[in-house]
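Colleague: Submitted below is the structure of interest, expressed as structure tokens.
Residue numbers (full-length UniProt numbering): 1 to 228.
So this is what it looks like as structure tokens:
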């Protein structure tokens, strides 16, 4: 059972999402709150698996709340569910560790799929802003948000892992990576888990930023001595 907390300042949204999601097999809305402070209080008591987070809320907005939650509860997955696709919101939500960024026009089937996707450790970005996300990765990589990795850790990466990192840096999904490299999606997920552990990254977003930084001015390839 995937435990969900809904954070939105509109009561109608909270009630509607709670009713529909509770009817979906394997999903349970364990709380619905109206601002960031209530969200943090709720997760301390209930420890959800996934949070559906609005951006504009009173007392504490969704982006600030995301930062606090990911710093203290890194295993909790956060999906930003909002009507806004403003660059600053997207940038900061991903910067602080959100696993998904969806617009509220998404279908309920699409939202259910997104919840299951981020719960499994993948990222889910609304198709309407996917291109913007890739551009933001590049901006983040070239600005003051620098991902550092000890050289010894990057030397542990295999050739296949380097290829997967390169595809992540292009904003590719697990399915697209699997098709490109002739692997199964399950194999790609396993590789990504291993890569994150080797590089000590918190999530896929950090890996994507690092991948863009690595290929700035040169293609991401494994050193000749890297093993398969």
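Where is the CB? At the ideal position from N, CA and C, for every residue including glycine.
These figures come from a predicted structure and were not determined experimentally.
Any contact between the segment 92-112 and the segment 47-67? By contact I mean 3 or more CB pairs, one from each, below 8 Å.
Modeller: The segment 92-112, when compared against the segment 47-67, does touch it at the 8 Å Cβ threshold.
Colleague: Rounded to whole angstroms, what's the CA-CA distance from residue 57 to residue 42? Just pull it up for me.
Modeller: Cα to Cα, the separation comes out at about 16 Å.
Colleague: What number of angstroms, rounded off, separates the C-alpha of residue 9 from the C-alpha of residue 49?
Modeller: Going by the C-alpha atoms only, they are around 21 Å apart.
Colleague: Distance, Cα to Cα, residue 197 vs residue 112?
Modeller: Whole-angstrom Cα-Cα distance: 28 Å.
Colleague: Could you tell me the alpha carbon to alpha carbon distance between residue 266 and residue 209, rounded to whole angstroms?
Modeller: For residue 266 there is no data in the structure shown, the boundaries of the chain being 1 and 228.
Colleague: Taking DSSP as the reference, what is the three-state secondary structure of residue 178?
Modeller: Helix at residue 178.
Colleague: Look at the alpha carbon of residue 193 and the alpha carbon of residue 174, and state the distance between them as a whole number of angstroms.
Modeller: Their Cα atoms are separated by approximately 12 Å.
Colleague: Per DSSP, which residues does residue 28 bridge with? Please list them.
Modeller: Answer is 3.
Colleague: I need the straight-line Cα distance from residue 190 to residue 102, nearest angstrom please.
Modeller: Residue 190 and residue 102: Cα-Cα distance of roughly 25 Å.
Colleague: From the DSSP output, which residues share a beta bridge with residue 52?
Modeller: For residue 52, which the question treats as bridged, DSSP gives the partners 6 and 79.
Colleague: Given a cut-off of 8 Å on the beta-carbon distance, is the pair residue 13 and residue 29 in contact?
Modeller: No, the Cβ-Cβ distance between residue 13 and residue 29 is not below 8 Å.
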